[in-house]
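Residue numbers (this note's numbering): -16 to 201.
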């Protein structure tokens, strides 16, 4: 019984991941898989001839716009307008798939994605209405992406901090359980010792007419 109890203690305290650790691992895996699929979907734009005219003018899949793109003082023309709407239709499908994937265990990131997509749509409207140039569009989009990255860093830090606190609470609870099990195991040993059958030994020595006996045990 004592052996079984100690095995349970070892398993619960040292051999099992906490709920917070499982959540963190699941979230990280979900984000990695989701973002890989999203990037692959977006990168298809580069291989689509109909989108080439937009690829040369704007930030689509590149990490940041080129100097030429940021200083482009031209405004959108009819062909570019037609192409950018096709690009938007393609990216909307990618975005919807990403949101569906994030709805699992990484929902905290969804608002930041929705925010940057709303900003991008607003910039596209300004571009299509010829209120801004391609250069203005690219600079604003790059700034929005940088802010998006900062927001995601904050979200990640908040998630990690919350999970760390949860992990510490779970480990404290396990330690308390460990202490209680140790105390219970000790009490069981004491009770078992008290419950053992009494065994006694009597030794007698005789000297002349006198006999001396000594009893050892209970």
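Ideal Cβ positions, reconstructed from N, Cα and C, are used throughout, including at glycine.
Query, Result
"Residues that DSSP places opposite residue 187 in a beta bridge", "196"
"6 angstroms Cβ shell around residue 99 - same chain, five flanking residues per side excluded", "127 and 131"
"Separation of residue 25 from residue 31, as counted between CA atoms", "11 angstroms"
"Within the stretch 15 to 81, ranges of the alpha helix (DSSP H) (whole runs, at least 4 residues)", "35 to 38 and 50 to 53"
"Same chain only: Cβ atoms within 6 angstroms of residue -6, ignoring 5 sequence neighbours per side", "Residue confidence for residue -6 is low, a pLDDT of 49 falling below 50, so the modelled location carries little weight; the figure read from the coordinates is stated next. Same-chain partners within the cutoff: there are none."
"Nearest-angstrom beta carbon gap, residue 33 and residue 69 [assumed within contact, 8 angstroms]", "6 angstroms"
"Validate contact between the stretch 78 to 85 and the stretch 108 to 124 using beta carbons, cut 8 angstroms, 3 pairs", "no"
"Host alpha helix (DSSP H) of residue 103 (start-end)", "93 to 111"
"Buried versus exposed call for residue 173 [16 or more other C-beta atoms within 10 Å across all chains shown]", "exposed"
"Buried or exposed (CB count within 10 angstroms, at least 16 for buried), residue 63", "buried"
"Check whether residue 28 and residue 43 have beta carbons under 8 angstroms apart", "yes"
"Nearest to residue 41 (by Cα), restricted to the options 112, 106, 176 and 91", "106"
"Three-state secondary structure (DSSP) of residue -13", "Only weak support is given to the placement of residue -13: the predicted model assigns it a pLDDT of 46, under 50, and the question is left unresolved by the model."
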